[in-house]
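At position 111 of the sequence shown the residue is numbered 527 (my numbering), and the sequence of numbers has no breaks.
Worksheet: one structure, shown below.
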Amino acid sequence: MKKQTRVIRTQTPKTGYREHSSPLFLTSSFTFESAEQGKALFDETEHGNLYSRFSNPTVQEFIDRVCIMEGYEDGIATATGMAAVFAGFASYLSAGDHLVSSKALFGSAHQIITQILVKWGITYTYIDATAPEAEWEAAIQPNTKMIYLETPSNPGLELVDMEMIGKLSKKHGLIFNVDNCFATPALQNPVDFGADLVVHSATKFMEGQGRVLGGVLVGSKEIIKPARFFARQTGPALSPFNAWVLSKSLETLDLRMERHSGNALKLAQALEAHPMVKKVNYPFLPSYSQYELARKQMKAGGGILTVELDGGFERISRFMKALNLVTLTSNLGDTRTIITNPYTTTHAKLSPEDKLSLGITEGLVRVSVGLEDADDLVSDFVQAVEASAE
């Protein structure tokens with residue numbers, strides 16, 4: 417069967433009630449048929465559900481579907497995307513280890529690397545996403561354990577050549593860990609380029625309607641073992657209810673990402689052509705600096721673009737007030753179009769110098785393009801650009 421068919425048809429086994437839609441196993445624990453079975457389950461001579469901090473059928477269905485979409489064997493699901501990102505570090509890195517990471521990261525990932533991991537004696541080297549292979553390889557030290565990156569990055573949409581990093585990781589025996597949140601498995605699969613781990617904030621496009629939080633980390637059965645141990649002992653478990661919502665959302669991810677991408681490209685093209693817009697950044701615009709790499713790695717450009725206007729934060733404030741169809745929030749990946757100013761929200765904790773190096777200016781907005789009619793979005797954004805210039 418093709419991937420999309422397998423995703424939709426993968427469900428928890430039917431119960432005696434013969435339900436069509438997957439049931440929700442909203443329970444904290446599971447019973448034993450006998451004391452002997454309880455012992456067998458805990459010493460792992462028998463496999464089954466014990467406690468929803470460890471495993472749950474509804475959560476497992478969500479994991480199984482992500483594994484199918486990303487091309488991996490196993491995974492863990494967590495309460496939030498950042499819990500999954502953290503598990504991807506804490507499960508594999510120890511005191512004395514070194515991490516190589518792309519510099520273009522979501523603000524909280526940056527804080528974990530620079531403020532938390534360093535307290536445990538884990539050092540890091542940041543590399544520009546667009547740096548050549550020689551620069552990436554030069555950053556690898558004898559104690560380097562992992563290469564981590566976002567592609568496209570949040571919010572600047574910088575890409576990293578995953579084929580190049582995959583070959584470097586294999587050459588040096590490193591764990592290759594990719595945050596695939598922006599593209600989603602509908603648009604790219606890092607496993608095709610040698611990634612060992614893929615992490616998602618399922619809160620975003622995977623969920624798609626801004627209802628629940630969740631995260632997921634997937635890889636081979638062998639590489640996921642440390643992450644499962646970490647999650648089981650530290651308890652960042654995804655709730656069964658959220659897993660149920662997320663699992664159903666995955667059934668429409670391909671369709672939604674096609675519409676998100678089409679709307680985003682049309683909006684990006686219209687704004688790029690407007691004389692009052694300073695800059696538009698979108699992976700599938702020919703003017704995008706990494707356009708050829710985007711076409712190589714991605715099936716479409718995704719639902720995120722950035723727009724820069726002259727006039728700094730005051731202009732952005734007027735621009736946001738002039739919009740009629742757009743929601744102001746720091747989330748993304750919703751059916752409804754969302755906008756935020758990363759300088760003052762998602763990346764506010766970064767130093768002014770770090771913001772500037774990542775292209776995050778006061779006049780930049782990140783747009784998560786929704787599923788509304790594209791012509792309506794173009795009309796609203798154009799009138800807001802013009803109204804805010806007055």
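For glycine and all other residues, C-beta sits at the position ideal for the given N, C-alpha and C.
Fair warning: this is a prediction, and the values are worked out from it, not measured in the lab.
| Query | Result |
| --- | --- |
| Inter-residue CB distance, ILE538 and LEU633 (contact presumed, cutoff 8 Å) | No, ILE538 and LEU633 are not in contact; Cβ-Cβ is about 18 Å, not under 8 Å. |
| For LEU521, the first and last residue of its enclosing alpha helix (DSSP H) | Where LEU521 is concerned, there is no enclosing alpha helix (DSSP H), given that its DSSP letter is neither H nor E. |
| Sub-8 Å separation of ARG672 and GLY624 beta-carbons | yes |
| Alpha helix (DSSP H) segment containing MET562, residue limits | Unbroken run through MET562 is the beta strand (DSSP E), 560 to 566; no alpha helix (DSSP H). |
| Those residues which DSSP pairs with ASP490 across a bridge | GLY635 |
| Neighbourhood of GLY582 by C-beta distance below 7 Å, restricted to the same chain and skipping five residues each side | PHE592, PHE609, GLY610 and ALA611 |
| Residues that HIS436 bridges to, as DSSP identifies them | Beta-bridge pairing links HIS436 to no other residue. |
| LEU565 versus GLU667: straight-line alpha-carbon distance, rounded | 27 Å |
| Nearest-angstrom beta carbon gap, ASP796 and ASN740 [assumed within contact, 8 Å] | 5 Å |
| For PHE598, three-class secondary structure by DSSP | coil |
| Expected contact under 8 Å - CB spacing of MET562 and LEU515 to nearest Å | 5 Å |
| Integer-rounded CB distance, given that THR474 should sit under 8 Å from ALA647 | That pair is no contact at about 16 Å. |
| Given GLU549 as reference, the closest of PRO642, TRP536, SER585 and SER524 once Cα atoms are compared | SER585 |
| Of the listed residues LYS519, TYR542 and GLY512, nearest to LYS535 (C-alpha basis) | GLY512 |
| Unbroken stretches of the alpha helix (DSSP H), 4 residues or longer, contained in the stretch 607 to 658 | 637 to 650 |
| HIS526 - DSSP class collapsed to helix/strand/coil | helix |
| Sheet register partners of GLU724 (DSSP bridge) | LYS695 and LEU780 |
| Environment of PHE700 [buried if 16+ CB atoms lie within 10 Å] | buried |
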